[in-house]
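The sequence shown begins at 3 in this note's numbering and counts up one residue at a time.
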Amino acid sequence: MGGFSIRSGCDADIGILLEVERRAAGLLLDHGAHDLFAMHSLAAADLARGIRHGVVRVAERDGQPVGFALCNEVDGQAHLFEMDVLPEHGRCGIGTALLASTWDFAVAHGWTVMTLTTLRDVPWNGPFYLARGFAELPLQECGKQLAEIIARERMLGFPMELRMVMRRKSALAA
């Protein structure tokens, strides 16, 4: 496989990115949370809103989107809502590049902290983010909006014992 590039998302990407998310969720087929993830995927409106605000980063290979990251503001800081890479393009640095591009975007826009929620027991989730500068965030340190995201995940039936909240701070964070 050839190289890839990272760019801002555009409206023409929406259908493809929804398919990227669907196919990436297939990697969780044997995980207990697979059905929940499949039922609660992104809506086209979520991506359109992210694109309008410039917070969707797209990994492209040979002119085709193969991964994306959706970030937006939560509690006055960046929050990574979703990051997916097509399974056949995994394990070659695309996720790392998407995360770095999203982080750079966040810092350039004045956000000094990035949070996310993820599965702790999936290698390309919790361990992936730990290896890239994130640390587990105790629930009592979550802001109001992040606490609402966690409460919503709990209400939807996500296995909260397998979920973790993570945070990465820039050197500029207080």
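A virtual CB, placed ideally from N, CA and C, is assigned to each residue, including glycine.
Remember, predicted model here, so these are calculated numbers, not experimental data.
Does DSSP put residue i in a helix, a strand or coil?
i, result
"T114", "coil"
"P161", "coil"
"M3", "With a pLDDT of only 48 at M3, under 50, the local geometry of the prediction cannot be trusted, and no value is derived from it."
"R170", "strand"
"A133", "coil"
"D13", "helix"
Just to confirm before moving on: does the CB-CB distance between residue i and residue j stay below 8 Å?
i, j, result
"M75", "L44", "It is worth fixing the name first, because residue 75 is Glu in this sequence and not Met. Not a contact, by the Cβ cut-off of 8 Å."
"V68", "L49", "no"
"A71", "L29", "no"
"G11", "G65", "no"
"L139", "R169", "yes"
"R134", "T98", "yes"
"D77", "K171", "no"
"A26", "D86", "yes"
Using CA coordinates, which residue listed in the options is at the minimum distance from residue i?
i, options, result
"M166", "G159, S172, L118", "L118"
"L174", "V109, D123, P140", "V109"
"L141", "R134, E163, L132", "E163"
"V58", "E90, G28, L19", "L19"
"I8", "D106, R156, F130, K146", "D106"
"V60", "I16, D32, R154, A47", "I16"
"D32", "G159, L132, V124", "V124"
"D13", "A27, G159, A47, A153", "A47"
"E155", "R24, T120, A26, L132", "T120"
"F130", "A102, E21, R24", "A102"
"H111", "E143, G56, G128", "G56"
What distance in whole Å lies between the Cβ atoms of residue j and residue i, which are believed to be in contact at a cut-off of 8 Å?
i, j, result
"A80", "V115", "7 Å"
"F1", "R63", "Residue coverage of the chain in this structure runs from 3 to 176, which leaves residue 1 outside it and unanswerable."
"L132", "T104", "Not quite, the Cβ-Cβ distance comes to about 17 Å (not below 8 Å), so this is no contact."
By the DSSP assignment, the beta strand (DSSP E) with residue i in it spans what residues?
i, result
"F83", "79 to 87"
"R59", "58 to 63"
"R9", "7 to 10"
"C73", "66 to 76"
Residue i lies in the alpha helix (DSSP H); which residues open and close that run?
i, result
"V124", "From DSSP, V124 is part of no alpha helix (DSSP H); its letter is neither H nor E."
"G17", "16 to 27"
"A47", "46 to 54"
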